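J.: Sequential numbering of the sequence shown, starting at 1, is according to the UniProt record's numbering. In this text, a Cβ means the ideal position worked out from N, Cα and C, and glycines have one as well. The structure displayed is predicted, hence computed values, not measured ones.
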Amino acid sequence: MRERTRLVNFIRRRIRDPDDAEDILQDVFHEFVQAYRLPAPIEQASAWLFRAARNRIIDRFRKKKEQPLADLSEAEDDASGEYRLDLALPAHDAGPEALYARAVLLKALQDALDELPPNQREVFIAHELEGRSFKDMVAESGVALNTLLARKRYAVLHLRARLQAIYDELDI
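#1: Grouping DSSP H, G and I as helix and E and B as strand, with all else coil, what is Glu3?
#2: Mind checking whether Ser46 and Glu3 have CB atoms under 8 Å apart?
#3: Verify whether the separation of the beta carbon atoms of Ile24 and Ile57 is less than 8 Å.
#4: Any chance you could list the alpha helix (DSSP H) runs of at least 4 consecutive residues sitting entirely within the UniProt domain "RNA polymerase sigma-70 region 2" (3 to 65), in chain order?
#5: Could one say the Cβ of Phe50 lies closer than 8 Å to chain B's Cβ atoms, at least one of them?
#6: Hey, quick one: how far does the alpha helix (DSSP H) through Arg132 stretch, first residue to last?
#7: Is the stretch 96 to 105 in contact with the stretch 120 to 132, if contact means three or more CB pairs nearer than 8 Å?
#8: If you drop the 5 nearest sequence neighbours on each side, which residues of the same chain put their C-beta closer than 7 Å to that of Lys152?
#9: Can Ala53 and Ile11 be called in contact, C-beta distance under 8 Å?
#10: Are Ala112 and Leu159 close, meaning C-beta to C-beta below 8 Å?
#11: Consult DSSP for Val123 and reduce its assignment to one of helix, strand or coil.
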């Protein structure tokens, strides 16, 4: 089928494990064959295939109940009790598309934060996620205000660049 390559790429961009991606592809084609036998014809096969793939991906996330930042947020909560990134993301109960978007964004954000140098990551988390003021951070760390501002700026630039493609793809 000519849509196979596009469909495989669509699935693999969202599912890292190649075996899981192949399973989803096989499930989608199996479902397509079953639906094709129904009396009502499938008018837009390509759109149907991509919707079915998206639904299978969402189902996969539900089964695994992935919450990529769970460990990170629990660790930060122990320290301050204020780390509530989950409140800035689509709600758990806002439907399957929001659930999928939430899982993708959490994973991408976790990966992007992990790529930051520790000093940039600490400033970003302290200011943006814990709500701490720069004045407090200067007093606690002894690091100059301009240095903290620069670290946060570099962190924001990195995160923005890293997450922009995902926001565009999810149409958020």
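T.: Quick answer:
#1: coil
#2: yes
#3: yes
#4: 4 to 14, 18 to 36 and 45 to 64
#5: Of the chains in the structure shown, none is chain B; there is only one protein chain.
#6: From DSSP, Arg132 is part of no alpha helix (DSSP H); its letter is neither H nor E.
#7: When C-beta atoms of the stretch 96 to 105 are compared with those of the stretch 120 to 132, fewer than three pairs fall below 8 Å, so the two segments do not count as touching.
#8: Val123, Phe124 and His127
#9: yes
#10: yes
#11: helix
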